[in-house]
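A.B. asks: Counting with the UniProt record's numbering, you get residues 1 to 292 for the letters of the sequence shown. Glycine included, C-beta positions come from ideal geometry on N, C-alpha and C.
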Amino acid sequence: MKENSGSSCLAPRKAPPVNPPWVPLLDFLSVAAHSLKGRTIRLLITKKDGSMGFKPKKIQQNRRFQRVVGDIETAIFKGELQPGDQLPPELELKEMFGTGRGTVREALRVLEQKGLIETRAGASGGAFVTLADTGKLTEQLQLLVQAQAIAPEHIREFREAVEPMAASLAAARITPGGAERLRDVFFQARIALEEKDSAAFLRGDIEVHVLIAELTGNPLLVAVLRMVHEQVLGSSDEYDLEGDKTLADNLEDLHGLVHAVAEGRAQEAGRRAMQHVRQFHCRMRAAQGATA
1 MKENSGSSCL APRKAPPVNP PWVPLLDFLS VAAHSLKGRT IRLLITKKDG SMGFKPKKIQ
61 QNRRFQRVVG DIETAIFKGE LQPGDQLPPE LELKEMFGTG RGTVREALRV LEQKGLIETR
121 AGASGGAFVT LADTGKLTEQ LQLLVQAQAI APEHIREFRE AVEPMAASLA AARITPGGAE
181 RLRDVFFQAR IALEEKDSAA FLRGDIEVHV LIAELTGNPL LVAVLRMVHE QVLGSSDEYD
241 LEGDKTLADN LEDLHGLVHA VAEGRAQEAG RRAMQHVRQF HCRMRAAQGA TA
């Protein structure tokens with residue numbers, strides 16, 4: 001395979017001129033942001049013991065269903081509504097919010113689409129709070145990638161913006177236990193490469209990046225970077241690296257990043273992360289050019 005050793009591919013390249021399609025990666029941040037707005041309303045709900053106090057504030061005529069959605073989201077993110085808790089029936093919600101039944105139904109539909117509640121049929125059915133995850137957003141992201149609405153250059157731009165910050169935060173917040181975990185995951189990836197198991201090495205590479213995100217202690221960074229590495233880079237042949245030298249070079253980049261994070265050198269960790277991202281995408285383009 002042709003190896004491109006020039007430095008030109010490390011320079012930032014202009015992405016295709018579209019309205020930034022990687023923005024959907026952060027759609028769920030707008031959901032989580034509701035938990036930070038300090039709303040005056042407080043939703044009180046009993047757990048599973050049957051008693052329930054629900055005291056919403058009556059809302060304005062405009063944007064009614066968004067307010068219902070936002071207030072219930074806030075209660076979920078603050079822990080006032082827990083997974084398994086049942087929301088009041090539609091008619092009761094209608095009275096509590098001072099709005100129409102159609103508005104309540106639309107709000108519940110949106111909450112279900114976001115994966116925050118699920119609707120069950122039957123005598124014991126209703127709307128129940130579920131564990132929030134990025135499953136639906138991941139599906140949307142995969143469709144965008146398959147439709148080529150998110151190009152490799154968009155992924156590179158996103159990684160350059162986020163991963164150096166994550167590496168710096170991880171280094172600044174590293175603990176002895178976290179450093180040991182990071183070194184161990186990297187060691188397993190290195191062993192896989194020495195044993196010529198490229199698939200295991202690439203899985204180990206993903207584990208290293210996800211663990212660095214986890215070491216930041218920031219759940220939003222964890223969710224975004226896990227999704228990017230596992231569902232985009234780890235599930236598409238377009239992002240596979242092949243060839244002994246290419247994989248060895250990638251391992252060397254990764255080693256510098258892991259060492260900087262584990263040693264708590266935040267500035268160097270950010271620099272190493274940027275270098276690693278640019279080198280990875282440079283090698284990927286070189287590989288695609290060689291097989292074109």
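Using 8 Å as the threshold, is the region 242-259 in touch with the region 276-283, meaning 3 or more CB pairs across them?
C.D. replies: Touching, yes, given that three or more Cβ pairs across the two stretches are closer than 8 Å.
A.B. asks: For the pair the region 171-184 and the region 257-264, tell me if three or more CB-CB distances fall below 8 Å.
C.D. replies: Contact between the region 171-184 and the region 257-264 is present, because at least three Cβ pairs lie under 8 Å.
A.B. asks: On a Cα-Cα basis, can you pick out the residue from Val208, Ile72, Ala269, His229 that is closest to Pro88?
C.D. replies: Within the sequence shown, residue 88 is the residue found at index 88, counting from 1. Residue Ile72 is the option with its Cα nearest to Pro88.
A.B. asks: Within 10 Å of its beta-carbon, does Ala161 have 16 or more other beta-carbons around it, so buried, or fewer, so exposed?
C.D. replies: As a first step, residue 161 is located in the sequence shown; it is residue number 161 there, counting from the start. Exposed.
A.B. asks: So what does DSSP say about Arg265, is it helix, strand or coil?
C.D. replies: Here residue 265 refers to the residue found at position 265 when the sequence shown is read from its first residue. Note: Arg265 maps to coil in three-state DSSP.
A.B. asks: Using the rule of at least 16 other Cβ atoms within 10 Å of the residue's Cβ for burial, across every protein chain shown, is Thr216 buried or exposed?
C.D. replies: Translated into positions along the sequence shown, residue 216 becomes position 216. Classification of Thr216: buried, given that the 10 Å Cβ count is 16 or more.
A.B. asks: If the criterion is Cβ atoms closer than 8 Å, does the pair Glu92 and Arg101 meet it?
C.D. replies: On the sequence shown, position 92 is the one that residue 92 refers to. On the sequence shown, position 101 is the one that residue 101 refers to. No, the Cβ-Cβ distance between Glu92 and Arg101 is not below 8 Å.
A.B. asks: By the DSSP assignment, the alpha helix (DSSP H) with Val68 in it spans what residues?
C.D. replies: For this step, residue 68 is matched to residue 68 along the sequence shown. That run of the alpha helix (DSSP H) goes 64-77.
A.B. asks: Return yes when the Cβ of Val210 is within less than 8 Å of the Cβ of Leu225, no when it is not.
C.D. replies: The sequence position of residue 225 within the sequence shown is 225, counting from 1. The sequence position of residue 210 within the sequence shown is 210, counting from 1. Result yes, Cβ atoms of Leu225 and Val210 sit closer than 8 Å.
A.B. asks: Find the nearest neighbour of Ala170 within the set Gln275, Met274, Gly270, Glu112, judged by alpha-carbon distance.
C.D. replies: Counted from its first residue, the sequence shown places residue 170 at position 170. For the residues Gln275, Met274, Gly270, Glu112, the minimum Cα distance to Ala170 belongs to Gly270.
A.B. asks: What span of residues does the alpha helix (DSSP H) with Glu118 cover, start to end?
C.D. replies: The residue you call residue 118 lines up with position 118 of the sequence shown. Counting along the chain, Glu118 falls outside any alpha helix (DSSP H), though it belongs to the beta strand (DSSP E) covering 117-120.
A.B. asks: Can you tell me whether DSSP reads Met274 as helix, strand or coil?
C.D. replies: Your numbering for residue 274 matches position 274 in the sequence shown. The answer is helix: DSSP assigns Met274 an H, G or I state.
A.B. asks: Bridge partners for Phe128 per DSSP, in chain order?
C.D. replies: Numbered from its first residue, the sequence shown carries residue 128 at position 128. According to DSSP, Phe128 bridges with Gln86, Glu118.
A.B. asks: Apart from the five residues just before and just after Ala107, which ones in its own chain have a Cβ nearer than 6 Å to its Cβ?
C.D. replies: Within the sequence shown, residue 107 is the residue found at index 107, counting from 1. Within the same chain, Ala107 has close Cβ partners Phe65, Val68, Val69.
A.B. asks: Excluding five sequence neighbours on each side, which residues of the same chain lie with their C-beta closer than 7 Å to the C-beta of Ala200?
C.D. replies: For the purposes of this step, residue 200 is identified with residue 200 of the sequence shown, where counting begins at 1. Cβ within range, chain order: Ala192.
A.B. asks: What do you get for Leu116, buried or exposed, if any count of 16 or more other CB atoms within 10 angstroms of its CB means buried?
C.D. replies: Taking the sequence shown and counting its residues from 1, the one referred to as residue 116 is at position 116. It is buried - the Cβ of Leu116 has at least 16 other Cβ atoms within 10 Å.
A.B. asks: Taking Met227 as the reference, which of Phe158, Lys196, Gly178, Ala172 has the closest Cα?
C.D. replies: Counting from 1 along the sequence shown, the entry for residue 227 is found at position 227. Comparing Cα-Cα distances from Met227 to each of Phe158, Lys196, Gly178, Ala172, the minimum goes to Phe158.
A.B. asks: What's the C-alpha gap between Gly177 and Ile206?
C.D. replies: In the sequence shown, the residue the question calls residue 177 occupies position 177. In the sequence shown, the residue the question calls residue 206 occupies position 206. When rounded, the distance between both Cα atoms is 20 Å.
A.B. asks: Once DSSP output is grouped into helix, strand and coil, what is the label at Met284?
C.D. replies: Translated into the one-based positions of the sequence shown, residue 284 becomes position 284. Met284: helix per DSSP, three-state reduction.
A.B. asks: To the nearest angstrom, how far is it from the Cα of Thr74 to the Cα of Arg285?
C.D. replies: As a first step, residue 74 must be located in the sequence shown, where it is residue number 74. As a first step, residue 285 must be located in the sequence shown, where it is residue number 285. So the alpha carbons of these two residues sit roughly 43 Å apart.
A.B. asks: Let's test the definition: count the other Cβ atoms within 10 Å of the Cβ of Ser124 and tell me whether it reaches 16, buried, or not, exposed.
C.D. replies: Your numbering for residue 124 matches position 124 in the sequence shown. It counts as exposed.
A.B. asks: Would you grab the beta carbon distance between Ala127 and Gln86 for me? Rounded to a whole angstrom, and I think it's under 8 Å.
C.D. replies: Reading the sequence shown from its first residue, position 127 is the one you call residue 127. Reading the sequence shown from its first residue, position 86 is the one you call residue 86. Confirmed, about 7 Å.
A.B. asks: For Arg120, is the classification buried or exposed, using 16 other Cβ atoms within 10 angstroms of its Cβ as the cut-off for buried?
C.D. replies: As a working mapping, residue 120 is identified with position 120 in the sequence shown. So Arg120 ends up on the exposed side.
A.B. asks: Which class does Arg173 belong to by DSSP, given the choice of helix, strand or coil?
C.D. replies: As a working mapping, residue 173 is identified with position 173 in the sequence shown. The answer is coil: DSSP assigns Arg173 none of H, G, I, E or B.
A.B. asks: Please list, in chain order, all residues of the same chain as Arg190 whose beta carbon is under 7 Å from its beta carbon, the five residues on each side excluded.
C.D. replies: Against the sequence shown, residue 190 aligns to sequence position 190. Cβ neighbours of Arg190 beyond the five flanking positions: Leu251.
A.B. asks: Within the present structure, is the beta-carbon of Glu95 separated from the nearest heavy atom of the ligand SAH by less than 7 Å?
C.D. replies: Absence of the ligand SAH is noted for the structure shown, with no ligands found whatsoever.
A.B. asks: What is the DSSP secondary structure of Ile150, counted as helix, strand or coil?
C.D. replies: Along the sequence shown, one-based indexing puts residue 150 at 150. Three-state result, Ile150: coil.
A.B. asks: Please state whether the Cβ-Cβ distance between Arg272 and Ala167 is less than 8 Å.
C.D. replies: Your numbering for residue 272 matches position 272 in the sequence shown. Your numbering for residue 167 matches position 167 in the sequence shown. Contact: yes.
A.B. asks: Under 8 Å by Cβ, that's how I've got Lys94 and Val104 pegged, so tell me the actual separation to the nearest angstrom.
C.D. replies: On the sequence shown, residue 94 is found 94 positions in, with the first residue counted as 1. On the sequence shown, residue 104 is found 104 positions in, with the first residue counted as 1. Correct: roughly 5 Å between the Cβ atoms.
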